[in-house]
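Working notes, structure below.
There are 2 protein chains.
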Amino acid sequence: MLSRAQIKYIHSLRLKKYRQQYCRFTAEGAKVVDELLKGHHIRIDSLFATEEWLEGNMSLERLNPKMSIKLVSEQELKQISNLDTPQAVFAIGELPSVHQLPKLSGRISLALETIQDPGNLGTIIRIADWFGIENVICSPDCADAFSPKTVQSTMGSIARIRITEVSLDEVLEKMKDISTYAATLNGNDIREFSKIKEGIILIGNEGHGLSEKIMQMATHRITIPRLGKAESLNAAVATGVICGRLML
Amino acid sequence: MLSRAQIKYIHSLRLKKYRQQYCRFTAEGAKVVDELLKGHHIRIDSLFATEEWLEGNMSLERLNPKMSIKLVSEQELKQISNLDTPQAVFAIGELPSVHQLPKLSGRISLALETIQDPGNLGTIIRIADWFGIENVICSPDCADAFSPKTVQSTMGSIARIRITEVSLDEVLEKMKDISTYAATLNGNDIREFSKIKEGIILIGNEGHGLSEKIMQMATHRITIPRLGKAESLNAAVATGVICGRLML
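Taken in order, these protein sequences are the chains called A and B. Here the working numbering is used: the first residue of the first sequence is 1, the next is one more, and so on. Here the working numbering is used: the first residue of the second sequence is 249, the next is one more, and so on.
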């Protein structure tokens, strides 16, 4: 049985305020939890799982002895789940540190300004993972990368991508030696650029794009040519198209 | 005042069954409704709008005299809206015919098999519109292109894209002269293909990809090379990356 206090604690992690206070976040479902257990930079400290899931996974080395593992019924999972259809396993993990800027030279990184939709943010983290981008830098007003909705949208990629939450102008100020590619509707045709080995790809808000300040600091402005009439592309789709052109 | 019968009728259009029975669908918000009013192949027959919206738009030629235009309060919009935050205008449009296969030679089209998420489908229709693709063919088990969620996700692109709902194997059988490009995890590297002028790009289900039957019928199998570790890309993102490589 889950106590009322436990349920209350787990529910509180739906809010960023409490995720930060307790330094914990949640993840659900066999796929996402499995990726987190396999990953290295995020520590899972509690699992709530059905008997069936535990039978299939208990022997795994990655279930380390320090982890609290609790057998729960489907009914109990329903009480703590954030999904319409609760999954067989629910995990609580330690929030990794997000304030220290990683090494950005010699590699390609993504920097996101004010991406507000958690689903978009999760999809972008998944794109980073597909293209082998290790670092996703989020401006402080982006959706939270560790909100339940974002974590689920990453389909487990959150386990492999290093998230940094810092002001983008600080990053660009510090990283003046690295080329930056700002996605915009009126820059240079992306076909003019050849494959890059190093750089920061800058993606702006779903409705307004990148701020003027960030645009001014960028070394390149890139545009996916519009052959039809849509006013814009979804931010995650634009990220995919840009990675598909600059990284392949 | 909206009558109870009117509200009931409008709510019924949330379900495909009633959209088909009445041959109507709904759309909301200044942006989407504006695109529908500007478009040619979808006829809007009723508008429900606030005084403010009407003041700004009543003079538009595109509000034709046959349209029923009703001034409503925000409270009334709330009663009929499908959104958390109702917008200033709500439209009812005629469902266009979706069963006749358009001309596919000499152009690039998208064909979708079992895309089940309405948001993904809407985003793909928006991608088509960005890249100037006129036709999106949906297998009958795709999400409905005219569901409220899909229409909103197209951001108005539904006004310009011709949707066809037919079985994909029939399409491929009939269109044997046209090259088809099946998106898969184990095909030929997309970098081996040059820009195309004609073809059908085939995108499969979010979880399972394209069926074996469709794969067998395709003339080319294309893969976006994976540089990192994500198991897959979101279907809409993959569509964007493929269009960005084959069409630019």
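We treat Cβ as the ideally placed atom computed from N, Cα and C, and that holds for glycine.
Backbone CA spacing between residue i and residue j [nearest angstrom]
i, j, result
"E76 of chain A", "E322 of chain B", "40 angstroms"
"V151 of chain A", "G122 of chain A", "6 angstroms"
"R267 of chain B", "L416 of chain B", "23 angstroms"
"L2 of chain A", "M155 of chain A", "27 angstroms"
"S102 of chain A", "I163 of chain A", "The sequence given here has Pro at residue 102 of chain A, not Ser. C-alpha separation (whole angstroms): 9 angstroms."
"E35 of chain A", "D141 of chain A", "27 angstroms"
"I255 of chain B", "T333 of chain B", "17 angstroms"
"T451 of chain B", "A30 of chain A", "First, the amino acid is wrong: residue 451 of chain B is Ile here, not Thr. Approximately 26 angstroms, taken between the alpha carbons."
"I328 of chain B", "S260 of chain B", "10 angstroms"
"S405 of chain B", "E413 of chain B", "17 angstroms"
"L475 of chain B", "E51 of chain A", "36 angstroms"
"A230 of chain A", "L285 of chain B", "15 angstroms"
"I127 of chain A", "I108 of chain A", "13 angstroms"
"N312 of chain B", "W301 of chain B", "16 angstroms"
"D293 of chain B", "I44 of chain A", "55 angstroms"
"N188 of chain A", "K326 of chain B", "43 angstroms"
"Y9 of chain A", "Q21 of chain A", "11 angstroms"
"D177 of chain A", "E170 of chain A", "14 angstroms"
"E212 of chain A", "T180 of chain A", "14 angstroms"
"R191 of chain A", "K318 of chain B", "48 angstroms"
Beta-carbon contacts of residue i that lie in its chain and below 6 angstroms, excluding the five residues immediately before and after
i, result
"M463 of chain B", "A430"
"I372 of chain B", "A484, T487"
"K195 of chain A", "none"
"K16 of chain A", "D144"
"K66 of chain A", "none"
"S401 of chain B", "G367, G370, T371"
Proximity of residue i and residue j at Cβ, strictly below 8 angstroms
i, j, result
"I42 of chain A", "G93 of chain A", "yes"
"E198 of chain A", "G132 of chain A", "no"
"R160 of chain A", "D129 of chain A", "yes"
"I472 of chain B", "I448 of chain B", "no"
"F146 of chain A", "L95 of chain A", "yes"
"L352 of chain B", "M423 of chain B", "yes"
"V281 of chain B", "V320 of chain B", "no"
"L295 of chain B", "A253 of chain B", "no"
"I385 of chain B", "L420 of chain B", "no"
"L494 of chain B", "F441 of chain B", "yes"
"G244 of chain A", "G492 of chain B", "yes"
Nonlocal neighbours in the same chain, by C-beta distance under 7 angstroms from residue i, ignoring five residues either side
i, result
"S139 of chain A", "L112, E113, T114, S167, L168"
"P396 of chain B", "R262, T274, N330"
"N520 of chain B", "Nothing can be reported for residue 520 of chain B: it is not among the residues displayed for chain B, which extend from 249 to 496."
"A143 of chain A", "I115, Q116, D117, P118, L121, T150"
"N205 of chain A", "E113, T114, I115, Q116"
Cβ shell of residue i (< 8 angstroms), same chain only, five flanking positions each side left out
i, result
"L233 of chain A", "I224, V241"
"Q100 of chain A", "T164"
"T184 of chain A", "G204, G209, L210, M215, R221, I222, T223"
Per-residue burial, residue i [other beta carbons within 10 Å of its own, 16 or more giving buried]
i, result
"Q335 of chain B", "buried"
"H288 of chain B", "exposed"
"R272 of chain B", "buried"
"A218 of chain A", "buried"
"N383 of chain B", "buried"
"A49 of chain A", "buried"
"S253 of chain A", "No statement about residue 253 of chain A is possible, as the shown extent of chain A runs from 1 to 248 and does not include it."
"E28 of chain A", "buried"
"S97 of chain A", "exposed"
"H208 of chain A", "exposed"
"H220 of chain A", "buried"
Along the region 459-484 of chain B, what residues have a CB closer than 8 angstroms to any CB found in chain A? I472, P473, R474, L475, G476, K477, A478, E479, S480, L481, N482, A484
Taking a Cβ distance cut-off of 9 angstroms, strictly less, list which residues of the region 127-156 of chain A are near chain B, in chain order. Result list: I127, A128, D129, W130, F131, G132, I133, E134, S153, T154, M155, G156.
Residues of the region 98-112 of chain A in Cβ contact with chain B at a cutoff of 7 angstroms, in chain order, please. none
If you measure beta-carbon to beta-carbon, which residues of the region 261-292 of chain B are closer than 9 angstroms to chain A? K279, E283
Closer than 8 angstroms between beta carbons: that is the criterion. Which residues of the region 312-342 of chain B meet it against chain A? none
Can you list, in chain order, the residues of the region 426-448 of chain B whose Cβ is nearer than 8 angstroms to any Cβ on chain A? I438, R439
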